[in-house]
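**Student:** Just dropping this structure here.
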Amino acid sequence: MNNFPKTHLHSVEKASALDSKVRLLLQNPRRILRKIIHPGMTVLDLGCGTGYFTLEIAELLEKKGKVIAADVQKGMLDVLILKLGNSELQKQIQIHNNPENTLNLTEKVDFIFAFYAFHEMKFIDNITNDLQKILKTETNILISEQKFHVSKYAFNAIIQKLENIGFEVYKRPKIFLSRTAIMKIKTQTPVILYK
Ligand SMILES: C[S@@+](CC[C@H](N)C(=O)[O-])C[C@H]1O[C@@H](n2cnc3c(N)ncnc32)[C@H](O)[C@@H]1O
130 MNNFPKTHLH SVEKASALDS KVRLLLQNPR RILRKIIHPG MTVLDLGCGT GYFTLEIAEL
190 LEKKGKVIAA DVQKGMLDVL ILKLGNSELQ KQIQIHNNPE NTLNLTEKVD FIFAFYAFHE
250 MKFIDNITND LQKILKTETN ILISEQKFHV SKYAFNAIIQ KLENIGFEVY KRPKIFLSRT
310 AIMKIKTQTP VILYK
């Protein structure tokens with residue numbers, strides 16, 4: 130990723146940090162997701178890790194629609210699969226192990242949720258190009274990055290890459306210790322999914 134700090138993947142050995150009790154208090158998934166995820170949506174949880182948000186997204190879909198849980202690390206997805214067990218939520222979740230340099234998806238999505246993921250992407254331009262192929266005119270994206278890991282400059286550079294594929298920022302929700310933006314497709318009269 131040009132002009133960005135060196136990227137590295139959150140290791141599977143430290144996956145439990147993503148599901149800590151403290152995080153549940155400070156970054157409660159339901160609080161973050163309830164205004165943006167609605168029944169019937171197809172949601173891409175990009176860089177889903179252990180599925181900290183995936184499970185809540187699936188709940189909020191209320192059995193209508195689905196969430197594509199995408200991650201480059203099979204080990205992360207294995208944790209998610211373990212968590213799911215025989216849960217009914219399985220029906221709402223499509224596990225997707227994409228290679229690092231491509232998303233490998235064709236299905237169009239209503240919402241892209243990318244939490245603490247973009248700064249880890251070595252081939253961010255490939256990924257944003259691939260995202261462009263699965264957009265609908267009303268697709269929204271939430272991008273969030275950790276303040277201590279990602280400078281304002283680096284965050285804005287990610288935003289710029291999303292602007293290059295047609296998005297614009299329309300909301301900056303506050304999430305603990307994070308830089309966050311919700312974006313919609315520029316050329317359209319606002320079809321804003323954040324309610
Ligand atoms: C810090 S973790 C965050 C996980 C989850 N979003 C959360 O907030 O709990 C970032 C995740 O992004 C994944 N990732 C990094 N590059 C990726 C890429 N090109 N495509 C898909 N996932 C990627 C990593 O494997 C890791 O699981």
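If you read the sequence shown in this note's numbering, its first letter stands for residue 130, the second for the next number, and so on.
We put the beta carbon where it would ideally sit given N, CA and C, even for glycine.
In whole angstroms, give me the CA-to-CA distance for Y245 and F277.
**Tutor:** 11 Å
**Student:** Is it true that the CB of A187 sits closer than 9 Å to the CB of Q221?
**Tutor:** yes
**Student:** Locate the beta strand (DSSP E) running through L175, then write down its first and last residues.
**Tutor:** Judged by DSSP secondary structure, L175 falls within the beta strand (DSSP E) whose first and last residues are T171 to L175.
**Student:** With a threshold of 6 Å on Cβ separation, who are the neighbours of L147 within its own chain once the five nearest residues in sequence on each side are excluded?
**Tutor:** G178, T179 and Y181
**Student:** Mapping the DSSP letters down to three states, classify T136 as helix, strand or coil.
**Tutor:** coil
**Student:** Drop a sphere of 10 angstroms on the beta-carbon of S216, count the other beta-carbons inside from all chains shown, and report buried for 16 or more, exposed for fewer.
**Tutor:** exposed
**Student:** Sorry if obvious, but does the Cβ on G178 come closer than 8 Å to a heavy atom of ligand 1?
**Tutor:** yes
**Student:** Suppose contacts are defined by Cβ-Cβ distances below 9 Å. Is K262 in contact with D239 by that definition?
**Tutor:** no
**Student:** Roughly how many whole angstroms lie between the Cα atoms of R159 and E185?
**Tutor:** 6 Å
**Student:** DSSP on N227, reduced to helix/strand/coil?
**Tutor:** coil
**Student:** Restricting to Cα atoms, I'd like to know which of S149, H137 and T171 is closest to I270.
**Tutor:** T171
**Student:** Please indicate yes or no: does the CB of A283 lie closer than 8 Å to some heavy atom of ligand 1?
**Tutor:** no
**Student:** Would you mind reading off the limits of the beta strand (DSSP E) that contains I197?
**Tutor:** Segment K195 to D200, the beta strand (DSSP E) holding I197.
**Student:** DSSP on N269, reduced to helix/strand/coil?
**Tutor:** strand
**Student:** Closest to R308 by C-alpha separation, out of H248, P228 and I256, would be which residue?
**Tutor:** The residue with the shortest Cα to Cα distance from R308 is H248.
**Student:** Considering only DSSP beta bridges, list what S307 is partnered with.
**Tutor:** Q275
**Student:** So what does DSSP say about I161, is it helix, strand or coil?
**Tutor:** helix
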